[in-house]
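Residue 1078 is where the sequence shown starts when you use the working numbering, and the numbers rise one by one after that. The structure under discussion appears below in the form of structure tokens.
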Amino acid sequence: MKKRKAKYLSTLSFSILALVMFGSIASADYWGGNRKGGPNPSAFYHSSVNQYGYTGAYDAGRGYWNANSKVNITRTPIYNAIDPPDTYYIGNSATPNLWGQIAPTNSSGNLALPDEYWVYVEVTMYDNNMRAAGHQPANVRYNAAHEIGHTIKMAHVPIPTNSVMVQGWWAIPASITSYDSGQVDLKWRTFP
Ligand SMILES: [Zn+2]
């Protein structure tokens, strides 16, 4: 009787382990599909970025991910309408607590699904909502790193993951976390 119980418990533990493993595969922390430039896209800063004073925040957001050697998100001074780069904007939103969002475009020129091939991505952070939340520079930089993370296919992760891909108004880590760097390595493992 004692042995049977032990075996049952052992089988149960195995099932829970298997469930956790499959669960972590099913809910990968990055999206599928490629994008133009892979983890090396170029980004154009719309004039609203300088007007509202967010150039440094977007620079810090790029720098966060560029600390991983696979990533090189460069700033381009040229907007080519024929072959658009990613574009970063600052706007205002009527939706409370919406700090920022991205809009990826697919090969047909339409709003892309997360797992589709992306040609370029538009990133917007919302000045009015960031001001309403206190506008601390470390939080603004976190927000920029979060949205820019989406542009290289990083998806949301739950609290308490040590990642800028947790949703919310948080302070940016001093440098890229090992979790975020590891997710980049996994997502872009076949990228040269
Ligand atoms: Zn997000």
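Ideal Cβ placement from N, Cα and C applies to all residues, glycine included. Predicted model, so just to flag it, every value in this text is computed and none were measured.
Original post:
Candidates Trp1108, Asn1205, Gly1168, Val1217: which alpha carbon is nearest Gly1138's?
Top reply: Start at 1 with the first residue of the sequence shown, and residue 1138 comes out as number 61. Minimum Cα distance to Gly1138 is reached at Val1217.
Original post:
Short check: CB of Asn1239 to CB of Thr1228, under 8 angstroms?
Top reply: Numbered from 1 along the sequence shown, position 162 holds the residue referred to as residue 1239. Numbered from 1 along the sequence shown, position 151 holds the residue referred to as residue 1228. Not closer than 8 angstroms, so no.
**OP:** Give the C-beta separation of Lys1113 and Tyr1197 to the nearest angstrom, bearing in mind that I take them to be a contact with Cβ-Cβ under 8 angstroms.
**Re:** In the sequence shown, residue 1113 corresponds to position 36, counting from 1. In the sequence shown, residue 1197 corresponds to position 120, counting from 1. Correct: roughly 6 angstroms between the Cβ atoms.
**OP:** Evaluate contact between the region 1114-1131 and the region 1141-1155, counting only Cβ atoms and requiring at least three cross-stretch pairs below 8 angstroms.
**Re:** yes
Subject >> Cβ-based burial, Pro1154 [other Cβ within 10 Å; buried from 16] >> reply: Taking the sequence shown and counting its residues from 1, the one referred to as residue 1154 is at position 77. Classification of Pro1154: exposed, given that the 10 Å Cβ count is below 16.
Original post:
Can you tell me the Cα-Cα spacing of Leu1188 and Thr1182, whole angstroms?
Top reply: As a first step, residue 1188 must be located in the sequence shown, where it is residue number 111. As a first step, residue 1182 must be located in the sequence shown, where it is residue number 105. Near 5 angstroms, if we compare the C-alpha coordinates of Thr1182 and Leu1188.
Original post:
Does ligand 1 have even one heavy atom less than 7 angstroms from the beta-carbon of Gln1213?
Top reply: Locating residue 1213 in the sequence shown gives position 136, counting from the first residue. Result no, Cβ not under 7 angstroms from ligand 1.
**OP:** On a CA-only basis, which of Tyr1129, Thr1201, Leu1190 is nearest Thr1164? Give me that one, please.
**Re:** The residue you call residue 1164 lines up with position 87 of the sequence shown. It is Thr1201.
Original post:
Nearest to Asn1157 by alpha carbon, out of Trp1142, Tyr1122, Asn1169, Ser1185?
Top reply: Within the sequence shown, residue 1157 is the residue found at index 80, counting from 1. If we check each option's Cα against that of Asn1157, Tyr1122 comes out closest.
Original post:
Does the Cβ of Asp1262 have 16 or more other Cβ atoms within 10 Å, making it buried, or fewer, making it exposed?
Top reply: To locate residue 1262, count along the sequence shown from 1; it is residue 185. Counting Cβ neighbours within 10 Å, Asp1262 comes out exposed, since fewer than 16 surround it.
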